[in-house]
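S.K.: Structure below; questions to follow.
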Amino acid sequence: MSEAETEIVEAGKVSSWLTENGFGHEALEKDHLGVEVIKVDAEFLIPVATALYAYGFNCMQCQGGYDVGPGKELVSFYHLIKVDDNVDKPEEIRVKVFLPRENPTVSSLYWIWKGADWQERETYDMYGIVYEGHPNLKRLLMPEDWIGWPLRKDYISPDFYELQDAY
Amino acid sequence: MGPHHPSTHGVLRLIVTLDGEDVLDCEPVIGYLHRGMEKIAENRTTVMYVPYVSRWDYAAGMFNEAITVNAPEQLADIEVPKRAQYIRVIMLELNRIANHLLWLGPFLADVGAQTPFFYIFREREIIYDLWEAASGSRLINNNYFRVGGVSVDLPYGWIDKCLDFCDYFEPKIDEYEKLITNNPIFRRRVEGIGTITREEAINWSLSGPMLRASGVKWDLRKVDHYECYDDFDWDVQWETGGDCFARYVVRVREMRESVKILRQACAGLPGGPYENLEAKRIAEGKKSKWNDFDYQYVAKKVAPTFKIPAGEHYVRLESGKGELGVFIIGNNNVFPWRFKIRAPDFNNLQILPRLLKGMKVADIVVILGSIDVILGSVDR
């Protein structure tokens, strides 16, 4: 991992376009299928996302979160794609926002891509990432009074039923 | 409305604000069937996890299994033999038909026609008989897909039976169309209802027939060229209406396309039916070309301790309901670090409140039915 991090990553097509137009971001290593990955600071997510929308990414195909590790950052990722008729190998990009574990807050992209509605709610539900400006940010899959964020790596299931503890 | 209402297709609860017969607002409440499938995936190896996944979308078990093995398989760059790809396509297309049938019957029941409900179960039964012969299980828990191929080759005589099914099923689609398509009661219930424009459909991350019925010619089988769909001659079915009727038309036509693909896949299966392939292998001995890689039903079988390589990617396929995707992160461990499931009907259902505003109470079940949701997949 450390070797990969020190490697200089060549900026992809979309990343160069963003740099040309003055949108600050960091190009990360391309993923296994060759899709560009960029890292954006939380406060610049809205301008960068708006720029990407203007660039032609009209669909937020997948939004989700993941935990880098216990005690490390939480990530909110956005997989964007250009949906059109009869396309072949459409352009795709994955935008990642790294958020501190103590106060994971980022702007909601609901007002750009409506498809973020439930996907952001699910990420909030599972990781406790707060999407500011989301119209209805509350738990989606877990019960409303649930305590804790189930998919974080340091989550401990409450009252977990162990067969050997049964009377 | 719900969560135990028969027209909500599972355990979906809709909080509906009404003014007489008019719907002012609607808020879907989901999560009643949430089992933490993503959390479960984080401490299961791939081969341990495959039996779980047909419980996401229990009308389309094969698609779930396919994406579950595709994600680590592509991350590890494992090549799949041609024969295995054909068997996979046959199973996936049978599943697409089963999925659309299980949508058609209840949808017609939603608009008040009970008869097609019984017809579709008659046809679907044959698909399940085929699956039972191949995998041992019928509706779910087929546990048929494996990293690098499928778990077993097709049994003796299976291809013949599959072709028999195609011959039997194609006239049945005509029968459905005769019964339903131009039925004036049906047309008045579904036409011009729940209309989605092209821009909206894309902006709301819709996929599958929901997207194609709104005039977007987008099918991941053509876009991504996965498995061996490029070998076959078939068309993407789409409509420009964007209403419930357009979605009905797209799904019925897709069943015809699936039969077309099935026939070609059965005819072109490398090595032919298993009984012939086995006979040729025995006749020609160990050095026979029929033992080559492309005639295997699975590439080299992976060990149960198969490690998912470090790296990440997002893989997707076109299921009956739309785009089923998995975002997987491996860290050179037997378990995936992250296994995000992007369910098609979860994303398609988001638009429901927008569609229902201003409609009548009686249209709620029609619009909901036309989305094609299975709550096992919405809640995961």
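Residue numbers (numbering that gives the first Met the number 0), protein chains in the order written: chain A, 0 to 166; chain B, 0 to 379.
We put the beta carbon where it would ideally sit given N, CA and C, even for glycine.
(1) For the alpha helix (DSSP H) containing B:R82, name the first residue and the last one.
(2) Taking the Cβ atom as the reference point for each residue, do B:V258 and B:C161 lie within a distance shorter than 8 angstroms?
(3) Would you say A:Q163 lies against chain B (beta-carbon separation less than 8 angstroms)?
(4) Kindly list the residues whose CB is nearer than 8 angstroms to the CB of A:L98, restricted to its own chain and excluding five residues on each side of it in sequence; keep chain order.
(5) Please confirm if the stretch 63 to 77 of chain B is in contact with the stretch 306 to 316 of chain B, defined as three or more CB-CB distances below 8 angstroms between the two stretches.
(6) State the start and end residues of the unbroken alpha helix (DSSP H) segment that holds B:G267.
(7) Can you pull the chain A neighbours of B:K216, defined as C-beta to C-beta under 7 angstroms?
(8) In chain B, what lies closer than 9 angstroms to A:L44 by C-beta?
(9) Does B:G148 come out as helix, strand or coil in the three-state DSSP assignment?
(10) Taking only runs of the alpha helix (DSSP H) that begin and end inside the stretch 4 to 39 of chain A, which ones reach a length of at least 4 residues, in chain order?
(11) Closer than 7 angstroms by C-beta to B:T196: which residues in its own chain qualify, once you throw out the five before and the five after it? Chain order, please.
(12) Does the beta-carbon of B:Y167 have 16 or more other beta-carbons within 10 angstroms, so that it is buried, or is it exposed?
(13) Return the chain-ordered list of same chain residues with a C-beta closer than 8 angstroms to the C-beta of A:S1, the five sequence neighbours on each side being excluded.
(14) Would you mind reading off the limits of the beta strand (DSSP E) that contains A:G64?
(15) What does A:D153 reach in chain B if we use C-beta pairs closer than 7 angstroms?
(16) For chain B, check one thing: does any of its Cβ atoms lie closer than 8 angstroms to the Cβ of A:G114?
(17) In chain order, what residues of the stretch 19 to 49 of chain A put their CB closer than 8 angstroms to some CB of chain B?
(18) What is the DSSP secondary structure of B:S134, reduced to helix, strand or coil?
(19) Quick one: what does DSSP say B:L316 is sitting in, helix, strand or coil?
(20) Can you tell me whether B:L23 is buried or exposed? The criterion is at least 16 other CB atoms within 10 Å of its CB, across all chains shown.
(21) On the criterion of 16 or more Cβ atoms from any shown chain inside 10 Å, does A:E4 qualify as buried, or is it exposed?
(22) Return the bridge partner residues of B:N332 from the DSSP annotation.
(23) So, with DSSP's three-state summary, where would you put B:F185?
(24) So, are the CB atoms of B:R211 and B:W233 less than 8 angstroms apart?
(25) Given a limit of 7 angstroms on CB to CB distance, which residues of the stretch 64 to 76 of chain A reach chain B?
(26) Could you list which residues in chain B have their beta carbon closer than 9 angstroms to that of A:N57, in chain order?
(27) Please classify B:G60: does DSSP put it in a helix, a strand, or coil?
M.R.: Reading off the structure:
(1) K81 to D109
(2) no
(3) no
(4) A41, E72, L73, V74, S75, T104, V105 and I128
(5) Contact between the stretch 63 to 77 of chain B and the stretch 306 to 316 of chain B is present: 3 or more CB-CB pairs across the two stretches fall below 8 angstroms.
(6) From DSSP, the alpha helix (DSSP H) with B:G267 extends over C243 to G267.
(7) D84 and N85
(8) Residues of chain B passing the Cβ test: none, with the nearest at roughly 18 angstroms.
(9) strand
(10) 12 to 19
(11) S213 and G241
(12) Result: exposed.
(13) Confidence at A:S1 is low in this model, with a pLDDT of 42, below 50, so its placement is unreliable and no value can be given for it.
(14) C58 to D66
(15) The contacting residues do not exist; A:D153 stays about 13 angstroms from chain B at best.
(16) yes
(17) D30, H31, L32 and V34
(18) helix
(19) strand
(20) It counts as exposed.
(21) Only weak support exists for where A:E4 lies, its pLDDT of 48 falling under 50; the value from the coordinates is given anyway. When all chains shown are included, A:E4 counts as exposed.
(22) BP columns for B:N332 point to B:I307.
(23) helix
(24) no
(25) Here the close residues are Y65.
(26) E198, I201 and N202
(27) B:G60: helix per DSSP, three-state reduction.
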